[in-house]
Every structure is written in structure tokens, then in C-alpha cells.
Amino acid sequence: MRDSTGLKTAVIYGSARRDRQGIKAARFVVRKLEQRGHAVDLVDSLEYELPFLDLMHKEYESGSAPPAMQAVSKILAAADGFVIVSAEYNHSISAALKNMLDHYQSEYLYKPSAIVTYSAGPFGGVRALVNLRAILAELGTPSIPSAFPVSQVHSAFDVEGNPLDPKYDKRIVKFLDEYEWYAHALTAARCKEKMSRDVPTQQRMCRGKGS
Ligand SMILES: Cc1cc2nc3c(=O)[nH]c(=O)nc-3n(C[C@H](O)[C@H](O)[C@H](O)COP(=O)(O)O)c2cc1C
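Last residue of the sequence shown: 219 in our numbering, with the numbers rising by one and none dropped.
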């Protein structure tokens, strides 16, 4: 496994249901990333409870957005990439996830995303996956080619996110290898760009290098 020390990843999870099952998959992904040396923040829609979109974060006067909205902005801006953990609701993503994603814009730019979908049935949320790729492309965080669909999510993990079927431990390796490749590549590109063009818009692109 390639050393990934230095990568910072935000895991974005968007179900606000009281009986939600996908939190188990999100915990699994968080643990796997941490084991590979990532600094991980879980952005959980239920924890941050953003309002239905009125003003986007960028539309508030600096420092005047609701504290939860500012906290999420800070996490997304600091990240080198994103793993999105999405349920399938009526063949698309949940309203809670879309609402959370839509509040932000520049925070995503020039960083990769990786898609984990799940459902209660056998198809692992692949119809949500198709929708989510288009959304992430529009947000400026293109998704990596591989995806990680989880079928029968309710029985795939325990509450701590430990897989009940060892195949998940195996499958996630290639998926995260690929995500790390893109995260390293785009982090290097952002840093190179910043060093060669000293303009303000570039300052946000290279986390931890004077930005
Ligand atoms: C409003 C709603 C719509 C759903 N639509 C689909 C669907 O289109 N396809 C599917 O496979 N499962 C569907 N399901 C089942 C979910 O995949 C399953 O309940 C899953 O656990 C939801 O994620 P959550 O528990 O993290 O909220 C739906 C569930 C809900 C609540």
C-alpha cells in the first residue's frame, strides 16, 4: 500500500433519517482512510444540520454565516479530496446530501472525489451513483473512475462500521489506491500552479503551502 501521509480527506455523508443505515458505511470508510494515514473529517448532514439552501456560504458577509455552515466550509476548504457516501433515494441521491453539497463551491475546486453508494437492495445504489457523478463534475470535484457500491447496507457492517463480509476489506483497497493517486496528483498540480502564478485565486488551491 502506498504511503499516503499528508492527505486530508473529507468524508461527506448525507442521510438525516433517524434509522439511517449508511452511517455504518461512512464509519467503515473513515476507518479505512485513517488506517492509510489520511487526516479525516466526517461531514455528517445530521450533525451539521445545514438549513435548506437560502444563501450559499460564499454569499454571506465574511464570518457571518451560521457557525455550522462555516465549520463545514473550513473542513472542505482544507481537504485534498472528498469521499461521498450516498444512499439511493428514488434512483437519485438524498435531499440532505444535495442540500449540503449545494452550499459550497470554491471549496471543491481542483480536488478529486470518490463515490461510495449503498442501498437496501442488491444494486448498491448505482442509479444514485450515475446522478452523483454529474453533480460532482458540476461542483468542480470530478469523481475517480472506480466506485464502491454497497448492497444490503443494513447487513453489510456492524454499527461501528466493521464489515460483516470480508470482501469489503479487499474491495476498498483498489478503490482507495485510485483515489489517493488522483488526490496526490491534483494536490501536486495545485501546488505547482500556485508557485508559478502568484495570483490571489491560486492561494486557495494549495493547502498548507502558505494558503
Ligand atoms: C425515500 C427513500 C427512497 C428510496 N429509494 C430507493 C431506490 O430508489 N432504490 C433503492 O435501491 N433503495 C431505495 N431506498 C432504500 C434505501 O436504499 C435504504 O433505505 C437505505 O438504507 C437508505 O439510506 P439511509 O438508511 O442511510 O438513509 C429508498 C429509501 C428511502 C427512505
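Ideal Cβ positions, reconstructed from N, Cα and C, are used throughout, including at glycine.
Whole angstroms are fine: how far does the CA of residue j sit from the CA of residue i?
i, j, result
"L144", "S121", "8 Å"
"A142", "A24", "22 Å"
"V158", "G133", "7 Å"
"F3", "P153", "This structure does not reach residue 3, given that the chain is present from 9 up to 219, and the question cannot be answered."
"V80", "V51", "7 Å"
Can you round the beta-carbon distance between residue i and residue j to whole angstroms, since I take them to be within the 8 Å contact cut?
i, j, result
"F4", "F36", "No information on residue 4 is available, as it lies outside the stretch 9 to 219 that the chain covers here."
"L58", "M108", "6 Å"
Are residue i and residue j close, meaning C-beta to C-beta below 8 Å?
i, j, result
"Y56", "A33", "no"
"S53", "Y21", "yes"
"Q160", "A136", "no"
If I follow the unbroken alpha helix (DSSP H) through residue i, where does it start and stop?
i, result
"S81", "P75 to A86"
"K40", "G30 to Q43"
"S102", "Careful: S102 lies outside any alpha helix (DSSP H) and carries neither H nor E."
Taking the beta strand (DSSP E) that residue i falls in, what are its first and last residues?
i, result
"Y126", "S121 to Y126"
"L15", "Premise fails: L15 is in no beta strand (DSSP E) and is neither H nor E."
"L50", "A47 to D52"
"A95", "G89 to A95"
Given the structure, does residue i come close to ligand 2, in the sense that its CB is under 7 Å from one of the ligand's heavy atoms?
i, result
"H162", "The model depicted lacks ligand 2 and carries ligand 1 instead."
Minimum length 4: unbroken alpha helix (DSSP H) runs contained in the stretch 138-177: none
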